[in-house]
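First up is the structure itself, then whatever we jot down about it.
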Amino acid sequence: MNRDFTFETYGELLDAGLESEYEFLTVREYLATDNEELPGQFVILRHDVDRKPENALAMARLEAARGVPSTYYVRTIDKTFRPGLIRRIEELGHEVGYHYEDMDRADGDVAAAHESFSAELARMRALVSVDTVCMHGNPLTAHDNRDMWDAGGGDSEAAAAGAATDGGGLTGKAKAAGGDAGTTESKSGTTSGVVASDEHGGTPTFDTYGLLGEAYLSMDFEDVTYFSDTGRTWRDGALKIKDHTMGEGDKRIQVDTTEELAALLRSDEVDRLCALTHPNRWARTPGEWAIESAKDYAINVAKRGINVVA
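Quick note, the sequence shown lines up with residues 1 to 310 if you use the numbering used here.
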């Protein structure tokens, strides 16, 4: 039986990209590079570290052995906030960012969410250079953490619409064509104290925090095709309750398995691709694979129930 979502199949995915001569970019590199200077073909590997940080480190080593850089977004909860491990991932040549969930923590209060965000970002920046962030999507909570970037609160679609304007506070690809994405120089460390509002008294923006942007809101997903392993499949659908991009164009290609995603890279059908993994889902042993497969099955049953109720 061929098992998907193993470190072996992930290695095969990396090899497919390398064999087809894609360039591998971090989210930081993508957002800090002017559109006309981006390579014609590239892959952005993004990892959301929700739990089992030791799997993230193992995945980072697997990539580093192949000379592949990627981006790891780490939650600041006790089970994932492991300072030595976080530093080691950066030392291996990867970008590390903050996997924020501050609207959930603040129960939807935007001002309180920003106070929490500022404090947690400072904790991460005490360890590594943080230039980009990415929301954590908990399907069991009532809030979308992206909504903290919308001045009105409670509308992640409105936040995405604001991404195309200076008023939305986003930088890089989220601005209209011709906006200045800047250089690859790190902006990390420019903001470390608690920030509840910007200098004009409004909702803080990414610039307020010295950030290049946010992995969902600041990328151009009409140009970059997005795939995610959420739901234990690469196919879009009802199992990806909050894992969806904003302003995404019509996606003409769908795949189910990692083998199919690797074949897509070898076919050169997609020039620019972003792939999200959750390292806890990817197994190093048959026993771990069985446990994670059972967990995903149970979670998917619960998600289907949420969709029925909704």
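Note that beta-carbon positions come from the ideal geometry of N, C-alpha and C, so glycine has one too.
Go through its chain and collect everything with a Cβ distance to Pro83's Cβ below 8 Å, but skip five positions before and after it.
Leu127
Which of helix, strand or coil does DSSP assign to Met59?
helix
Take Glu214 as the anchor and find which of His143, Tyr98, Ala262 has the nearest alpha-carbon.
Tyr98
Going by beta carbon distance, what residues of the same chain come within less than 8 Å of Arg123, once the five residues before and after it are set aside?
Thr76, Phe81
Classify Thr26 as buried or exposed, calling it buried when 16 or more other Cβ atoms lie within 10 Å of its own Cβ.
buried
What does a CB cutoff of less than 8 Å around Arg281 pick up in its chain, not counting 5 residues either side in sequence?
Phe5, Asp229, Arg232, Glu292, Asp296
When we look at the beta-carbon of Leu14 and count the other beta-carbons within 10 Å, is it buried (16 or more) or exposed?
buried
Supposed close pair Arg105, Ser116 - CB separation, criterion 8 Å:
5 Å
Measure the Cβ-Cβ separation of Arg51 and Lys79 and say whether it is below 7 Å.
yes
With DSSP as the reference, label Glu269 as helix, strand or coil.
coil
Considering just the uninterrupted stretch of the beta strand (DSSP E) at Met332, what are its terminal residues?
The chain is shown only over 1 to 310; residue 332 falls outside these bounds and no answer can be derived.
Using only CA atoms, which one of Ala283, Leu85, Asp144, Thr132 lies nearest to Asp107?
Asp144
Rounded to the nearest angstrom, what separates Met59 and Pro279 at their Cα positions?
7 Å
From Asp271, Ala263, Arg284, Thr208, residue whose alpha carbon lies closest to that of Asp131
Thr208
Burial state of Asp223, where buried means 16 or more other Cβ atoms lie within 10 Å:
exposed
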